[in-house]
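Working notes, structure below.
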Amino acid sequence: MIESPLLIISGTLSFAAVVAVLAIAAQRLLGVRFGLVRILVATVVTLGLAGPVLIPVLSVFRSTDPERDPGTGPLWVVFLLMMVVALIMMVVLVIAEALVPPGSVPGPVEFFRSLRGRLSRGRRYSQITRIAVRHGLGPYLRGRGDRVDDRGGRVRLARSLREALDEGGVTFVKLGQVLSTRRDLLPAEFVEELGSLQDKVTPAPWSEIEPVLLAELGAPVDEVFAAFDRVPLAAASIAQAYTARLPGGEDVVVKVQRPGIRSVVAKDLDIVARLAATLETRTRWGRSLGLRDLAEGFAVALREELDFRIEAANMAAVAAAPPGPIVYPVPYPRHCTERVLVMQRLEGKPLAQAPADPALARDLLDCLLRQILVDGVFHADPHPGNIMVLTGGGLGLLDFGSVGRLDGAMRSALQRFLLAMNRQDPLAVTDALLEVVPRPEEIDEAGLQRALGQFMARHLGPGLNSVAMFTDLFRIISTYGLSIPPEVAAVFRALATLEGTLVRLAPGFNLVDEARAFAGAHLASALQSGTLKESLLQEAAALLPMVRRLPRRLERIASAAEHGRLSVNVRLLADERDRRFVTGLLHQVVLTVLGATSGLMGVLLIGTPGGPVVLPQVMRLYELIGYNLLVISVILVLRVLILVFRPRQ
Numbered sequence: 080m081i082e083s084p085l086l087i088i089s090g091t092l093s094f095a096a097v098v099a100v101l102a103i104a105a106q107r108l109l110g111v112r113f114g115l116v117r118i119l120v121a122t123v124v125t126l127g128l129a130g131p132v133l134i135p136v137l138s139v140f141r142s143t144d145p146e147r148d149p150g151t152g153p154l155w156v157v158f159l160l161m162m163v164v165a166l167i168m169m170v171v172l173v174i175a176e177a178l179v180p181p182g183s184v185p186g187p188v189e190f191f192r193s194l195r196g197r198l199s200r201g202r203r204y205s206q207i208t209r210i211a212v213r214h215g216l217g218p219y220l221r222g223r224g225d226r227v228d229d230r231g232g233r234v235r236l237a238r239s240l241r242e243a244l245d246e247g248g249v250t251f252v253k254l255g256q257v258l259s260t261r262r263d264l265l266p267a268e269f270v271e272e273l274g275s276l277q278d279k280v281t282p283a284p285w286s287e288i289e290p291v292l293l294a295e296l297g298a299p300v301d302e303v304f305a306a307f308d309r310v311p312l313a314a315a316s317i318a319q320a321y322t323a324r325l326p327g328g329e330d331v332v333v334k335v336q337r338p339g340i341r342s343v344v345a346k347d348l349d350i351v352a353r354l355a356a357t358l359e360t361r362t363r364w365g366r367s368l369g370l371r372d373l374a375e376g377f378a379v380a381l382r383e384e385l386d387f388r389i390e391a392a393n394m395a396a397v398a399a400a401p402p403g404p405i406v407y408p409v410p411y412p413r414h415c416t417e418r419v420l421v422m423q424r425l426e427g428k429p430l431a432q433a434p435a436d437p438a439l440a441r442d443l444l445d446c447l448l449r450q451i452l453v454d455g456v457f458h459a460d461p462h463p464g465n466i467m468v469l470t471g472g473g474l475g476l477l478d479f480g481s482v483g484r485l486d487g488a489m490r491s492a493l494q495r496f497l498l499a500m501n502r503q504d505p506l507a508v509t510d511a512l513l514e515v516v517p518r519p520e521e522i523d524e525a526g527l528q529r530a531l532g533q534f535m536a537r538h539l540g541p542g543l544n545s546v547a548m549f550t551d552l553f554r555i556i557s558t559y560g561l562s563i564p565p566e567v568a569a570v571f572r573a574l575a576t577l578e579g580t581l582v583r584l585a586p587g588f589n590l591v592d593e594a595r596a597f598a599g600a601h602l603a604s605a606l607q608s609g610t611l612k613e614s615l616l617q618e619a620a621a622l623l624p625m626v627r628r629l630p631r632r633l634e635r636i637a638s639a640a641e642h643g644r645l646s647v648n649v650r651l652l653a654d655e656r657d658r659r660f661v662t663g664l665l666h667q668v669v670l671t672v673l674g675a676t677s678g679l680m681g682v683l684l685i686g687t688p689g690g691p692v693v694l695p696q697v698m699r700l701y702e703l704i705g706y707n708l709l710v711i712s713v714i715l716v717l718r719v720l721i722l723v724f725r726p727r728q
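In our numbering, each residue's number is its place in the sequence shown (first place is 1) plus 79.
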């Protein structure tokens, strides 16, 4: 009764000792640390493989004469066997490293921690799939949907998509709103149908909204506001708005985030990303639209919109610019929190209910271009739901959850790009574009210049339509391997969204001609004599210190050249990263050469007859040395392989 637990304990300790010795030996010889789970699995596999290898060799020791002194030969054989066991474990670890790289499979702690989230996401994914199938969109998710060419079929498909997105919940309603502004990507039937999602969202009941206000404001609604209308003024996918009056008499709009939206949005964004990746891989239309990049940009923008403090700061930044024809609501920072935004109330009606007005469209375009090219802070999502026609005339710009920012250098580059487009100068447009986007090491500049010339001839000629202009520009940029910085991509997205808004506000509005008029009226003023003189004076002031030091430096260089002391000091591999790379490369080369040499010498010694006997009828000295060299050779090769599979940081 007592011996059994003792045997179990001693066996466990023996196994732990074996694991520790093998782990230490393998990690030291390979020069890499492994996780505990990987070590345990490798030890079990090693012990299972080592038995059939060691038992026949160890049985030889039983056949030796016990009365005869064997000498030190058997000790060297035992040492060789121990090295073979360590070698087996190293091979198992290297194979595991190649087949299952670190991080590709979650550890047990991460697995059980994420299991609940996976089950929850799976239920949500199943729910969304059922919604899509119920509305007839199942074949399109599998990439087998029929191509619809007639208008009636496109209208029915667009209606099914809108109903599915509406039933899908907050994130998918917001996705539909974003897609409704992309006339460059979707047919008109889809844009029109998805546009109804802008103002047809079911509001959350007051019983769910009131706890959010109480938690964020720290007091009941009646104590913070002099009056508060419990009936929502508008309901959107992220939040809903209420009218109220502050104790000072100011009429305000209170924007309250929908309760529990953060967890839902996080889960849905993960599903949207997975769906986008699947559709882009399996469907032709998904690849043509670049769904993966669209989903990533949508996720970034939506996460920013969940923090109303960012929106309040954005409103203050835009409102700080010089006043213009567009009115912005003023936030009240004292009452703004992460989930509640209190701002000035603007009286008016939605843009969709307003009659066509080219003057308002021109004001809106001038406002956004001024924000982008002059002020450097611009509204990045000017879709119709974020614009209202004011009662006293003019437009009001709402919802500053997505705002872009440009520094002075980028604004100057964009100004030069627009002015060159206005002149239809392909060479100047190419130079300006390569200032806006990072210039790659290799680029077909002549081909890019021809492509931009064809682009301007297609879109910028007199009386031409500018539909899909930004899509064609993006295609040219992608074709020539140019990467667009995020802030510039936000500019292009804002302009593409604005194009659809202007079409709704004033059908037939010529975006190109109006942008040219803006360039001529505002940007060309930078080249007037007064402004040019001021710019030259600023540049001269900046260069003056360098100009003062230049004569002395030229004198020192000329003197050194005259006396034969002029030299150039060039330091090779001055960068630590370069030295580390070369050292690592030489390390691998040396290990490979040593491993190959040891293996070749080992094979030659094993095949050499004669030599002193180490173990009678079993092994001679040359064979023992050869086997040891083979073990060393394999260890060196494995060390090179582990560096290939897991490079050092």
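Every residue, glycine too, gets a C-beta built ideally from N, C-alpha and C. Predicted model only: the values in this text are computed from it and were never measured.
Query: With 16 as the cutoff for other CB atoms within 10 Å, does Met168 come out buried or exposed?; Result: buried
Query: State the beta-bridge partners of Val331 as determined by DSSP.; Result: Ala323 and Gln423
Query: Could you give the distance in angstroms between the alpha-carbon of Val173 and the alpha-carbon of Phe158?; Result: 23 Å
Query: May I have the straight-line CA-CA distance separating Asp347 from Leu126, to the nearest angstrom?; Result: 47 Å
Query: How should Ser608 be labelled, buried or exposed, when 16 other C-beta atoms within 10 angstroms of its C-beta is the threshold for buried?; Result: In this predicted model, Ser608 has a pLDDT of only 47, less than 50, meaning its place in the structure is not dependable enough to derive any value.
Query: Does the distance from the CB of Gln256 to the CB of Leu276 come in under 7 Å?; Result: yes
Query: In this structure, how does DSSP classify His214 when only helix, strand and coil are distinguished?; Result: coil
Query: Check whether the Cβ atoms of Val335 and Ala323 sit closer than 7 Å, and answer yes or no.; Result: no
Query: Alpha carbon to alpha carbon, what distance is there between Phe269 and Ala345?; Result: 26 Å
Query: Considering just the uninterrupted stretch of the beta strand (DSSP E) at Phe479, what are its terminal residues?; Result: No beta strand (DSSP E) contains Phe479, which DSSP labels as neither H nor E.
Query: Taking 7 Å as the threshold (beta carbon to beta carbon), is Ile405 in contact with chain C?; Result: The question asks about chain C, but that chain is absent: this structure has only one protein chain.
Query: Run through DSSP, which three-state label would Val409 get?; Result: coil
Query: So within the region 267-321, which uninterrupted alpha helix (DSSP H) runs reach at least 4 residues, ignoring any that extend past its ends?; Result: 267-274, 285-296 and 300-303
Query: Work out the CA separation of Ala356 and Ile714 for me, nearest whole Å.; Result: 42 Å
Query: Using DSSP bridges, identify the partner residues of Ile466.; Result: Leu476
Query: Determine the extent of the beta strand (DSSP E) in which Phe457 is found, giving its start and end residues.; Result: Val456 to His458
Query: Around the C-beta of Gln533, are 16 or more other C-beta atoms found within 10 angstroms, so that it is buried, or is it exposed?; Result: exposed
Query: Mind reading off the beta-carbon distance from Gly455 to Arg484? Whole number of angstroms is fine, and I expect it under 8 Å.; Result: 6 Å
Query: If we count Cβ pairs, one from each stretch, closer than 8 Å, do we get three or more for the region 390-405 versus the region 489-498?; Result: no
Query: If I measure Cβ to Cβ from Asn393 and keep anything under 6 Å in the same chain, skipping five residues before and after, which residues do I get?; Result: Phe479 and Val482
Query: Among the residues of its own chain, which have a CB less than 6 Å from the CB of Glu384, if the five just before and after it don't count?; Result: Ile317 and Gly480
Query: Leaving out five residues before and five after Ala729 in sequence, what residues of the same chain have Cβ atoms less than 6 Å from its Cβ?; Result: What the structure shows of the chain is the stretch from 80 to 728, and residue 729 is not part of that stretch, so it cannot be assessed.
Query: Rounded to a whole number of angstroms, what is the C-alpha to C-alpha distance between Leu709 and Thr671?; Result: 13 Å
Query: Comparing alpha-carbon positions, which option in Arg725, Ala507, Arg632 and Met680 lies nearest Leu703?; Result: Met680
Query: Between Val234 and the rest of its own chain, which residues show a CB-CB distance below 8 Å, the 5 nearest in sequence each way excluded?; Result: Glu268 and Glu272
Query: If I follow the unbroken alpha helix (DSSP H) through Asp445, where does it start and stop?; Result: Pro437 to Arg449
Query: Identify the residues that DSSP records as bridge partners of Arg699: which are they?; Result: Val692
Query: Hey, quick one: how far does the alpha helix (DSSP H) through Glu655 stretch, first residue to last?; Result: Glu655 to Ile685
Query: Cα separation between Glu514 and Val719?; Result: 44 Å
Query: Since Ala435 and Pro586 are thought to touch, with beta carbons under 8 Å apart, how far apart are those beta carbons, to the nearest angstrom?; Result: 6 Å
Query: Who are the Cβ neighbours of Phe724 in its own chain at under 8 Å, not counting the five residues just before and after it?; Result: Val173, Glu176, Ala177 and Pro180
Query: Which residues share a DSSP beta bridge with Pro429?; Result: Met467
Query: Which value, in whole angstroms, describes the spacing of the CA atoms of Ala314 and Leu616?; Result: 54 Å
Query: Measuring alpha carbon to alpha carbon, tell me which residue in Phe377, Cys415 and Asp592 is nearest Leu258.; Result: Phe377
Query: Output the distance between the C-alpha atoms of Arg656 and Arg371, rounded to the nearest integer angstrom.; Result: 33 Å
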